[in-house]
Amino acid sequence: MTRHPFENRNALVTGASTGIGAEFARQLAAQRCHMILVARSRDKLEALAAELRAAHGVRVEVIADDLTSAGAIGRVHAEVARRGVTVDLLINNAGFATHGRFEETPIERQLEEIALNVSALVAMTHAFLPDLVRTRGAVLNVASTAAFYPIASMAVYGATKAFVLSFSEALWAELGERGVKVVALCPGATETPFFEIAGEAAAVGAKAKASDVVQLGLRSLSTGRTHAIHGLGNYILSNLARFVPRAMAARLTAEVMRKNQVRALPARAASARP
Numbered sequence: 048m049t050r051h052p053f054e055n056r057n058a059l060v061t062g063a064s065t066g067i068g069a070e071f072a073r074q075l076a077a078q079r080c081h082m083i084l085v086a087r088s089r090d091k092l093e094a095l096a097a098e099l100r101a102a103h104g105v106r107v108e109v110i111a112d113d114l115t116s117a118g119a120i121g122r123v124h125a126e127v128a129r130r131g132v133t134v135d136l137l138i139n140n141a142g143f144a145t146h147g148r149f150e151e152t153p154i155e156r157q158l159e160e161i162a163l164n165v166s167a168l169v170a171m172t173h174a175f176l177p178d179l180v181r182t183r184g185a186v187l188n189v190a191s192t193a194a195f196y197p198i199a200s201m202a203v204y205g206a207t208k209a210f211v212l213s214f215s216e217a218l219w220a221e222l223g224e225r226g227v228k229v230v231a232l233c234p235g236a237t238e239t240p241f242f243e244i245a246g247e248a249a250a251v252g253a254k255a256k257a258s259d260v261v262q263l264g265l266r267s268l269s270t271g272r273t274h275a276i277h278g279l280g281n282y283i284l285s286n287l288a289r290f291v292p293r294a295m296a297a298r299l300t301a302e303v304m305r306k307n308q309v310r311a312l313p314a315r316a317a318s319a320r321p
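Its first residue numbered 48, the sequence shown is counted upward by one per residue in our numbering.
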């Protein structure tokens, strides 16, 4: 019988109710890993938990909280401890994007974006790191190919994902000698509800399947790499950023996003018709 790396261990997944987070939960449960699911929607979490228990017989804990709310990280950490669970794998997946001109996007929404994509991720990692050091566990932070370029019309989102990539690589160097694996997963456009919030104009290139992105993420935990980029085209474009002047890269993304916005107009007009 195949022995899986996280069999009978405990994974905590944020943003677990839909998309990439839910797919991480499904693939890990299939490997007989026990789960702690964290997101705002209790109903969606409970439905997923019931599915995983029935399909794989694993233990699934549900914690419904808004990670951007005051004290949320402390509440989640305390609840995990109260239930007697030690976290072996932390998957910081929760996040969202805003799309549009910076000055036209409500600042409250952009600050919430920073709070979830950056502050909550850092705080979760800090809170559960003692567990991970003790168990020689792992942290997987979901970044994005947006981490490699300044993204016009998604300035805050790109900046948050650049932070996640840099933060992850620094922790990789800092924690490796203590046996803790750290990797930043960098997908491009993926078939998830992400674009219901960001808008289709934020999608660059063909969308990958969430299952393929998650498979790469889980494989990357055993490679020792600092980050994993999904898709050959994404890999080439992301690495090309090292050789392109920053001003040119910024102008290039501005032009790409402008064209995306134009292409998205017919779809938005059609959906607005009675």
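In this text, a Cβ means the ideal position worked out from N, Cα and C, and glycines have one as well.
Rounded to the nearest angstrom, what separates residue i and residue j at their Cα positions?
i	j	result
residue 262	residue 271	16 Å
residue 167	residue 120	7 Å
residue 286	residue 264	18 Å
residue 260	residue 216	19 Å
residue 146	residue 69	24 Å
residue 319	residue 87	With a pLDDT of 31 at residue 319, under the threshold of 50, the modelled position of this residue cannot be trusted; read the value that follows with caution. Those two C-alpha atoms are separated by around 29 Å.
residue 313	residue 236	Because residue 313 sits at a pLDDT of 42, beneath the cut-off of 50, its placement in the model cannot be relied upon, and the following sentence gives the value as read from the coordinates. Residue 313 and residue 236: Cα-Cα distance of roughly 20 Å.
residue 163	residue 142	6 Å
residue 246	residue 301	Per-residue confidence for residue 246 stands at a pLDDT of 45, beneath the threshold of 50, marking its modelled position as unreliable; the derived number appears in the next sentence. Roughly 16 Å separates the two Cα atoms.
residue 326	residue 108	The first residue shown for the chain is 48 and the last is 321, placing residue 326 beyond what the model contains.
residue 170	residue 127	15 Å
residue 151	residue 157	11 Å
residue 173	residue 211	14 Å
residue 191	residue 280	14 Å
residue 129	residue 85	15 Å
residue 179	residue 306	44 Å
residue 229	residue 218	7 Å
residue 203	residue 114	18 Å
residue 257	residue 238	6 Å
residue 207	residue 144	9 Å
residue 193	residue 209	7 Å
residue 139	residue 60	6 Å
Use the C-beta contact count for residue i: other C-beta atoms within 10 angstroms, 16 or more gives buried, fewer gives exposed.
i	result
residue 298	exposed
residue 304	buried
residue 214	buried
residue 274	buried
residue 276	buried
residue 324	Any property of residue 324 remains undetermined from this structure, which presents the chain solely from 48 to 321.
residue 110	buried
residue 117	exposed
residue 71	buried
residue 293	exposed
residue 249	Residue confidence for residue 249 is low, a pLDDT of 46 falling below 50, so the modelled location carries little weight; the figure read from the coordinates is stated next. Label assigned to residue 249: buried.
residue 226	exposed
residue 62	buried
residue 221	exposed
residue 266	exposed
Starting from residue i, follow its DSSP beta bridges and name the residues at the other end.
i	result
residue 281	The partner list for residue 281 (beta bridge, DSSP) is empty, contrary to what the question assumes.
residue 110	85
residue 231	188, 274
residue 137	59, 186
So, does the CB of residue i fall closer than 8 Å to a CB anywhere in chain C?
i	result
residue 66	The chain labelled as chain C is not found in the depicted structure, where only one protein chain is given.
Considering residue i, what are the terminal residues of the beta strand (DSSP E) in which it resides?
i	result
residue 82	81-86
Got a sec, what are the start and stop residues for the alpha helix (DSSP H) residue i sits in?
i	result
residue 162	Here residue 162 belongs to no alpha helix (DSSP H), and DSSP marks it neither H nor E.
residue 198	Per DSSP, residue 198 belongs to no alpha helix (DSSP H) and is neither H nor E.
residue 58	Residue 58 -> not in any alpha helix (DSSP H); beta strand (DSSP E) instead, spanning 57-61.
residue 117	Segment: none, residue 117 is in no alpha helix (DSSP H) and carries neither H nor E.
residue 72	66-77
Taking residue i and residue j to be in contact with their CB atoms under 8 Å, please state how far apart those CB atoms are, rounded to whole angstroms.
i	j	result
residue 149	residue 288	Not confirmed; about 21 Å, so no contact.
residue 56	residue 81	7 Å
residue 223	residue 255	In fact, because the Cβ distance is near 28 Å, the residues do not count as touching under 8 Å.
residue 58	residue 75	5 Å
residue 187	residue 268	6 Å
residue 65	residue 91	7 Å
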